[in-house]
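Protein chains in written order, with this note's numbering: chain A, 17 to 513; chain B, 12 to 322.
This report concerns only the one structure given below.
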């Protein structure tokens, strides 16, 4: 009786262990989790990060970003500026698309003309501004034409991916994408995963990971669980409070800058001293520590970080100095303070609502009563576009500014007199911004933009809050480094078994 | 309604169903178009008004509301649900692709909720205040008071992260089905249990049951024959209602937690992207399911009730 009980228990536990072993065996496939399923894999149509995890490893552009964010050749061997409105690219030879179509000048010109065609539906419209089209000069030379001088064309070309002329004309290109990149498309199980396999004919060094899958997991808690259970290898956006629970995590400064924009046309905010005072009144370091658990840091009073074009190295975050803030408000004639409304979108930015409340509480300390008002995203965007001089324009607006161009020109719509989102008008800033986009000499451009930030430091357009971090969750076995431009490069990734 | 003949009963149900479906469609269309601007959402944050307007035109969203409404309904009656704004494919295809996963999940969950809830309900109702009754009652009240997504997350942490017995999420093998179906079955089974338990309790107090018991009939027989027959109507309608509840939202929350590739997950994605045609198609299809289920429940109720009365 006793022995049979022990025997049964042994059998039972063996069975359980067998089941456990079967379920817990790590997947050979490298799996990356995304929270929303891409709508299409056509690399020219989409911009969102979840889509780029797959499409970014399938497609390549003429130019790329180097380790320090500098523009370097990729499918082009070299490029030069022929005249104000023409750039000439010399292409790499012996590159083929996954389906065997040759990559040549005809394909490159086709790619540029496809995305700039008005009939083509793309979310990237503002990324191809001022590009008119392209034409093949010979087999491996292509000219890209711009609408006048376009100083950021090389930057734009880092994101304009090359597509094969024959396959891209097919309506199914978005579900069976074909590029020149290190990975080729294998299959897409809707709602589940997208599988990519290594491109055996890749023109550069072959990646070590032979196959990977992009799996859709909408819930952040489930993503973390799947990472802990060893089912997935990489999670793109961990929440700050989840970081320490992941097997490994990497937290890196993103090209995202959070700020509270002023309407400088409003009576009380028109005085630059008031706007400086509000910057001094907010304790950015505590904000980063308390709400983001240190996954972010006060930005250097400019929507740029070191290494980006236009970054002014002399500028530092405004110190937290409520005393000085009160003094400045007094000088400006607002010793008794005043009232403002701070507008923020719902559910758009990580802890945006909490940050708004935090800032409101801090401004109250220096006598400014701030009411936080939350809006649905579209309403928030509409509000942001009402000119500052109109009665229903906002006072304060919380938002994030992304700068995946690494170039100060990206901020133009926020600070020029006619900018779509601007609530500030300064003739000198307008002049400098215009010169910046019209000048091809990058050093000169750098100086113009630095001067813009220096002006804004005395007359700020916003309360400069944080450079936000991206937090990646990694499986123990994954050896992966994030890129400065937030692209997920699988080709450079290794797995230790 | 019992005086109606079967064909006219069915016709009446069909008519009511279509009216409800029409109203659902109108509401979802109006709400969507009042609240959202998919073109603005699709454009990068710094896109100019002109770029947004261009996209709006390409999507056909710059036509007047009446025009869009008329063309949508015109197509709808021909079975055309429009194109997905984001995927450039027919919205109906997108929804029908996701539907089987939802049907599988909800039917499996329903079978377990129905069988488990009814069995425990009868046993507990027959012996009120017994250990079984107390335990089952406590568990069902607990299950009913926790949010369903939370129960899902709890299962994941225990069975996938700690014990490593089951996959956390997704749909890669039959094992993937266990946790989401269990989570749904527990929540809905708990309510089936509560209703069947009280129905049994009531039946047990009726004279015929007392007589049967006093005659010394074995309990097995009383429960299995008399009580079961008289509570069958409650069971069936409850189970039917639970299916309506699942398809009305509970299953969708569970799908999102478990990354289950059904129409719940699809709806969440479509809503966040304001992909109206997909959202509308999904709501209409889910609505049709609810209405058909309701019809079946009514039909069963009618048949059983008549038979019970006749007996």
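Yeah, the Cβ is synthetic: ideal placement off N, Cα and C, and Gly gets one too.
Source: prediction; values computed, not measured.
Same chain, Cβ closer than 7 Å to residue i, five either side skipped, listed in chain order
i: residue 53 of chain B; result: 66
i: residue 27 of chain B; result: none
i: residue 38 of chain A; result: Unreliable placement is indicated for residue 38 of chain A, whose pLDDT of 43 sits below 50; no coordinate value is reported for it.
i: residue 243 of chain B; result: 315
i: residue 32 of chain B; result: 295, 298, 299 and 302
i: residue 149 of chain A; result: 128, 129, 132 and 161
i: residue 309 of chain B; result: 24
i: residue 268 of chain A; result: 485, 486 and 498
i: residue 396 of chain A; result: 359 and 361
i: residue 31 of chain A; result: Low confidence applies to residue 31 of chain A: its pLDDT is 45, below 50, so where it sits in the model is not reliable, and the reading given next is rough at best. Hits under 7 Å: none found.
Neighbourhood of residue i by C-beta, 6 Å cutoff - its chain only, sequence neighbours within 5 removed
i: residue 122 of chain B; result: none
i: residue 287 of chain B; result: 43
i: residue 253 of chain A; result: none
i: residue 275 of chain A; result: 478, 480 and 481
i: residue 383 of chain A; result: 353
i: residue 127 of chain B; result: 200
Anticipated Cβ contact below 8 Å, residue i with residue j, distance rounded
i: residue 230 of chain A; j: residue 69 of chain A; result: 5 Å
i: residue 277 of chain A; j: residue 415 of chain A; result: 7 Å
i: residue 225 of chain A; j: residue 511 of chain A; result: 6 Å
i: residue 79 of chain A; j: residue 90 of chain A; result: 6 Å
i: residue 439 of chain A; j: residue 281 of chain A; result: 6 Å
Nearest to residue i (by Cα), restricted to the options the options
i: residue 111 of chain A; options: A:331, A:195, A:134 and A:481; result: A:195
i: residue 366 of chain A; options: A:501, A:272 and A:242; result: A:272
i: residue 380 of chain A; options: A:407, A:325, A:296 and A:398; result: A:296
i: residue 306 of chain A; options: A:420, A:371 and A:95; result: A:371
i: residue 75 of chain A; options: A:503, A:513, A:510 and A:512; result: A:503
i: residue 94 of chain A; options: A:245, A:170, A:247 and A:373; result: A:170
i: residue 339 of chain A; options: A:328, A:332, A:331 and A:351; result: A:351
i: residue 327 of chain A; options: A:283, A:458, A:180 and A:204; result: A:458
i: residue 224 of chain B; options: B:153, B:137 and B:70; result: B:137
i: residue 130 of chain A; options: A:336, A:184 and A:234; result: A:184
i: residue 487 of chain A; options: A:233, A:207 and A:256; result: A:256
i: residue 260 of chain B; options: B:198, B:61 and B:75; result: B:198
i: residue 100 of chain B; options: A:56, A:474 and A:299; result: A:56
i: residue 139 of chain A; options: B:49, B:186, B:213 and B:113; result: B:49
i: residue 25 of chain B; options: B:312, B:305 and B:313; result: B:305
i: residue 125 of chain B; options: B:212, B:200 and B:256; result: B:200
i: residue 207 of chain A; options: B:231, B:278 and B:217; result: B:278
i: residue 121 of chain A; options: A:136, A:135, A:134 and A:105; result: A:105
i: residue 81 of chain A; options: A:323, A:391 and A:118; result: A:323
i: residue 430 of chain A; options: A:357, A:462, A:355 and A:279; result: A:279
i: residue 391 of chain A; options: A:468, A:155 and A:364; result: A:364
Residues of its chain near residue i, where Cβ-Cβ distance is below 8 Å and the 5 sequence neighbours each way are ignored
i: residue 115 of chain B; result: 188
i: residue 41 of chain A; result: The predicted model places residue 41 of chain A with a pLDDT of 46, which falls under 50 and marks its position as unreliable; any figure quoted below should be read in that light. For residue 41 of chain A, where only same-chain residues beyond five positions count, there are no Cβ hits under 8 Å.
i: residue 18 of chain A; result: With a pLDDT of only 43 at residue 18 of chain A, under the threshold of 50, the placement of this residue in the model should not be trusted; the figure read from the coordinates follows. Hits under 8 Å: none found.
i: residue 40 of chain B; result: 80, 83, 287 and 291
i: residue 443 of chain A; result: 433
i: residue 164 of chain A; result: 100, 101, 146 and 454
Contact test: residue i Cβ vs the ligand NAP heavy atom, cutoff 7 Å
i: residue 382 of chain A; result: In terms of ligand content, the structure shown is empty, and the ligand NAP therefore cannot be addressed.
Contact the stretch 86-104 of chain B vs the stretch 159-172 of chain B: 3+ CB pairs below 8 Å: No, the stretch 86-104 of chain B is not in contact with the stretch 159-172 of chain B.
Three or more C-beta pairs below 8 Å linking the stretch 490-497 of chain A and the stretch 262-282 of chain A: Yes: at least three Cβ pairs fall under 8 Å.
Near-chain A residues of the stretch 174-191 of chain B - C-beta to any C-beta below 9 Å: Within the stretch 174-191 of chain B, contact with chain A at the beta-carbon level (separation under 9 Å) is assigned to 174, 175, 176, 177, 178, 179, 180, 181, 182, 183 and 186.
Inter-stretch contact (C-beta, 8 Å, three-pair minimum) for the stretch 99-119 of chain A and the stretch 191-209 of chain A: Yes, since at least three Cβ pairs between the stretch 99-119 of chain A and the stretch 191-209 of chain A fall closer than 8 Å, the two stretches touch.
Contact the stretch 142-161 of chain B vs the stretch 235-250 of chain B: 3+ CB pairs below 8 Å: No: the two stretches stay apart, fewer than three of their Cβ pairs being nearer than 8 Å.
Where the stretch 87-118 of chain B meets chain A: residues whose CB sits under 9 Å from a CB there: Within the stretch 87-118 of chain B, those residues whose Cβ lies closer than 9 Å to any Cβ of chain A are, in chain order, 95, 96, 97, 98, 99, 100, 105, 108, 109 and 112.
Three-pair Cβ contact test at 8 Å for the stretch 154-163 of chain B versus the stretch 259-277 of chain B: Below 8 Å, enough C-beta pairs join the stretch 154-163 of chain B and the stretch 259-277 of chain B to call them touching: three or more.
Residues within the stretch 152-168 of chain B neighbouring chain A, beta-carbon criterion of under 7 Å: For the stretch 152-168 of chain B, residues whose beta-carbon sits nearer than 7 Å to a beta-carbon of chain A comprise 164, 167 and 168.
Any 3 or more C-beta pairs closer than 8 Å across the stretch 247-263 of chain A and the stretch 277-296 of chain A: Here the stretch 247-263 of chain A makes no contact with the stretch 277-296 of chain A; the two share fewer than three CB pairs at distances below 8 Å.
Residues in the stretch 276-307 of chain B having any Cβ partner in chain A nearer than 9 Å: Listed by position, the residues of the stretch 276-307 of chain B near chain A (Cβ gap below 9 Å) are 276, 277, 279, 280, 283, 284, 285 and 286.
Cβ pair count under 8 Å reaching 3, the stretch 137-150 of chain A against the stretch 167-183 of chain A: Taking a contact to require three or more Cβ pairs closer than 8 Å, the stretch 137-150 of chain A and the stretch 167-183 of chain A qualify as touching.
Stretch pair the stretch 404-422 of chain A + the stretch 342-351 of chain A: three plus CB contacts closer than 8 Å: They do not touch, by the three-pair rule.
Contact between the stretch 196-208 of chain B and the stretch 151-158 of chain B (3+ Cβ pairs under 8 Å): Judged by Cβ distances under 8 Å, the stretch 196-208 of chain B makes contact with the stretch 151-158 of chain B, as three or more pairs qualify.
Interface residues of the stretch 40-60 of chain A facing chain B [CB-CB below 8 Å]: Taking 8 Å as the Cβ-Cβ cut-off, the stretch 40-60 of chain A approaches chain B at 40, 52, 53, 55 and 56, given in chain order.
Chain B contacts from the stretch 234-246 of chain A (Cβ-Cβ distance under 7 Å): Hits within the stretch, in order: 234, 235, 237, 238, 241, 242, 244 and 245.
Contact list for the stretch 59-73 of chain A against chain B, Cβ threshold 8 Å: Cβ contacts with chain B come from 63.
Within 8 Å of chain B by C-beta, residues of the stretch 116-131 of chain A in sequence order: Under the 8 Å Cβ criterion, the stretch 116-131 of chain A contributes no residue.
Residues in the stretch 67-83 of chain B having any Cβ partner in chain A nearer than 7 Å: Against chain A - using a Cβ distance shorter than 7 Å - the residues of the stretch 67-83 of chain B are 69.
Contact set between the stretch 191-207 of chain A and chain B, restricted to residues whose Cβ is under 7 Å from the partner: Answer in chain order: 206 and 207.
Residues of the stretch 117-141 of chain B with Cβ closer than 7 Å to any Cβ of chain C, in chain order: The structure shown has no chain C; the protein chains it does contain are A and B.
Members of the stretch 430-455 of chain A that neighbour chain B once the beta carbon cut-off is set at 8 Å: Answer in chain order: 436 and 437.
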